[in-house]
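Asks:
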Amino acid sequence: MIMSYEEAIKEYGSDYKLKKAIDSGNVFKIENGIYSSRKYNNELEVILKKYPKAILAGEYAFYIHGLTDVIPEKYFLATSSKAARITDKRVEQLYVRQDLLPLGVQEIEKNGVVVRIYDKERMLIELLRNKNSMPYDIYKEILLNYRGIIGDLEIWRIQEYAEIFPKSKMISKALDEEVM
Numbered sequence: 009m010i011m012s013y014e015e016a017i018k019e020y021g022s023d024y025k026l027k028k029a030i031d032s033g034n035v036f037k038i039e040n041g042i043y044s045s046r047k048y049n050n051e052l053e054v055i056l057k058k059y060p061k062a063i064l065a066g067e068y069a070f071y072i073h074g075l076t077d078v079i080p081e082k083y084f085l086a087t088s089s090k091a092a093r094i095t096d097k098r099v100e101q102l103y104v105r106q107d108l109l110p111l112g113v114q115e116i117e118k119n120g121v122v123v124r125i126y127d128k129e130r131m132l133i134e135l136l137r138n139k140n141s142m143p144y145d146i147y148k149e150i151l152l153n154y155r156g157i158i159g160d161l162e163i164w165r166i167q168e169y170a171e172i173f174p175k176s177k178m179i180s181k182a183l184d185e186e187v188m
């Protein structure tokens, strides 16, 4: 089980007792502020525990949703545009306007890890909005996979998201021309 420092203190009672548990091998310090009862941990779980308010987005969200088989080199995390900068080298931070941040957030379980991630409908909008900032071959692969699952998506939700985002006309046009 992965714990924040606060959770570890609550579990062990004090900083002193936590350090004793670490020394005895009952708990492992994974990195600053992150502790675990296991020596080896899923890196995604560690990242999500370290940044609990962040939402998995970008190329990593496409990978988790099974829309690409390319494993991204970094974890893409969406945060509020006013959030502090994430300095972790493993993370690519995506600043999102406060009113757009919660749209389409869901929690799913992936390999035993509960992940806060944008739904497939929101990620389709993100794909169309950011197609010029990602490698063309990955864009095409994801787009082809979306065409294959379009019947499983909630079209009304895609249209609702498209109206809310900036460049809504461009998004709607791209939806009609490239996906539907």
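Converting from the sequence shown to the numbering used here requires adding 8 to each position, the first position being numbered 1.
Glycine included, each C-beta is placed from N, C-alpha and C at the ideal position.
Please read these numbers as outputs of a predicted model, since none were measured by experiment.
Based on DSSP bridge pairs, tell me the residues matched to Y87.
Replies: Note on identity: in this sequence residue 87 is Thr, with Tyr being the wrong assignment. DSSP, once it has assigned bridges, lists Y103 as partnering T87.
Asks: Contact between the segment 30 to 47 and the segment 64 to 73 is defined here as three or more beta-carbon pairs at a separation below 8 angstroms; is this criterion met?
Replies: Too few Cβ pairs lie closer than 8 angstroms, so no.
Asks: Does DSSP put S44 in a helix, a strand or coil?
Replies: DSSP places S44 in strand when its eight states are reduced to three.
Asks: Going by DSSP, what residue range makes up the alpha helix (DSSP H) through R155?
Replies: Element bounds for R155: Y144 to I157.
Asks: Could you give the C-beta distance for L85 and A65, rounded to a whole number, given that I count them as a contact under 8 angstroms?
Replies: So it is a contact: roughly 7 angstroms between Cβ atoms.
Asks: Starting from the Cα of K57, find the closest Cα among R130, P80 and E15 and give me that residue.
Replies: It is E15.
Asks: Look up L64 in the DSSP assignment and say whether it is helix, strand or coil.
Replies: Strand, per DSSP.
Asks: Does DSSP put I94 in a helix, in a strand, or in coil?
Replies: Three-state result, I94: coil.
Asks: If you draw a straight line from the C-alpha of K139 to the C-alpha of I10, how long is it?
Replies: Whole-angstrom Cα-Cα distance: 35 angstroms.
Asks: Would you kindly check if the distance between the Cβ of E129 and the Cβ of E162 is under 8 angstroms?
Replies: For E162 and E129, yes; Cβs fall inside 8 angstroms.
Asks: Quick check: what's the CA-CA separation for E168 versus K18?
Replies: Rounded to whole angstroms, E168 to K18 spans 43 angstroms at the Cα level.
Asks: How long is the line joining the alpha carbons of V121 and L108, rounded to whole angstroms?
Replies: Cα to Cα, the separation comes out at about 25 angstroms.
Asks: Leaving out the 5 sequence neighbours to the left and right, which residues in its chain are closer than 6 angstroms to Y13 when beta-carbon positions are compared?
Replies: For Y13, where only same-chain residues beyond five positions count, the Cβ hits under 6 angstroms are G41.
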